[in-house]
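Structure first, commentary second.
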Amino acid sequence: MNNVKAIYPGSFDPVTYGHLDLIARSSKLFEHLVVAVLRNSSKNPLFNVEERVEMLTEGVAGFGNVSVCSFDGLLVDFARQQKAQAVLRGIRAISDYEYELQMAMMNRRLAPELETVFLMPDGKYSFLSSRLVKEVFELGGSVEGLVPQFVIDRLSQRVPKNGSR
Ligand code: PNS
238 MNNVKAIYPG SFDPVTYGHL DLIARSSKLF EHLVVAVLRN SSKNPLFNVE ERVEMLTEGV
298 AGFGNVSVCS FDGLLVDFAR QQKAQAVLRG IRAISDYEYE LQMAMMNRRL APELETVFLM
358 PDGKYSFLSS RLVKEVFELG GSVEGLVPQF VIDRLSQRVP KNGSR
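Numbering (my numbering), first residue to last: 238 to 402.
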C-alpha cells in the first residue's frame, strides 16, 4: 500500500494511546495518513476541535508521514477532496464490529472506490476508549499509561477535581 493515502477519522476526545498505537502501525503501511477530527458531531465533546487537533498534533510529532486536520460533512466527500484511497478505523473487540461494518458499508455505497481498512491496536489497549478515560479521570482514578502526559495535563485543567488524585 506504498502509494496509498489514508484518512483516519474520529472524535479523538481526547486522543489515547490506543489511537496512537493505530497511527504508528498504519504509518508503516500507508504513504501518508491524515488524522481527521470530525467537526459537527452530535456528541457533546469535552475538548473543542482545536484542542483535539492540538493534542493529536503533539501525539503524531514523531511521524513524518502523518498530518492532522478537522473536517465537516460526509467523510467520503472529505476523502475525495483529499484524494485519499482508504479510510482507517480501529477494531478493539467484536463489539466494535457491527457499528464499524455499518459505517464501512454505507461509505462503500456512497464511494465505491474508497476502501475501509481495519487494524487492531495492541491487546493492552483493547479495553481503552476516550469515554472511559474521561469518566475515570473525572471520578479521581489514574489514567497514566492510557493517554500521554500532555493529555493528562489538559484533563487536569478542564475537569473539576472530584476524587483522590
Ligand atoms: O470516533 P468516532 O466518534 O467513532 O468517529 C465516527 C466518525 C467521525 C468516523 C463518523 O461519525 C463519521 O465519519 N462522520 C462523518 C459524517 C459521515 O460521513 N457520516 C456517514 C458515515 S457512514
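All C-beta atoms in this analysis are idealised placements derived from N, C-alpha and C, irrespective of residue type, glycine included. Source: prediction; values computed, not measured.
Beta-carbon separation (whole angstroms), residue i vs residue j, contact threshold 8 Å
i, j, result
"isoleucine 328", "phenylalanine 355", "5 Å"
"alanine 273", "proline 251", "That belief does not hold up - the Cβ atoms of alanine 273 and proline 251 are roughly 15 Å apart, past 8 Å."
"valine 271", "isoleucine 244", "5 Å"
"asparagine 281", "leucine 312", "With a Cβ gap of about 20 Å, asparagine 281 and leucine 312 do not count as contacting."
Which of helix, strand or coil DSSP assigns to residue i
i, result
"serine 379", "coil"
"asparagine 240", "coil"
"valine 313", "helix"
"valine 297", "coil"
"alanine 341", "helix"
"alanine 261", "helix"
"arginine 402", "At arginine 402, the pLDDT of 49 sits below 50, so the modelled position is not reliable and the matter cannot be decided from this model."
Residue of the options minimising C-alpha distance to residue i
i, options, result
"isoleucine 389", "Met292, Ala243, Ser304, Asp258", "Met292"
"serine 304", "Asn344, Leu383, Met340, Ser263", "Ser263"
"alanine 261", "Phe249, Tyr362, Pro358, Phe364", "Pro358"
"threonine 253", "Arg346, Leu365, Ser307", "Leu365"
"phenylalanine 249", "Leu338, Val373, Val384", "Val384"
"alanine 298", "Ser367, Arg391, Ser393, Phe387", "Phe387"
"glycine 377", "Ser367, Arg317, Leu392", "Leu392"
"arginine 276", "His269, Lys265, Val290, Phe267", "Val290"
"glutamate 352", "Glu288, His256, Lys320", "Lys320"
Run of the alpha helix (DSSP H) containing residue i, from where it starts to where it stops
i, result
"valine 388", "386-395"
Where the beta strand (DSSP E) through residue i begins and ends
i, result
"valine 305", "303-308"
"alanine 330", "Where alanine 330 is concerned, there is no enclosing beta strand (DSSP E), given that its DSSP letter is neither H nor E."
"threonine 253", "Unbroken run through threonine 253: none, as it is neither H nor E."
"glutamate 352", "352-356"
"valine 274", "269-275"
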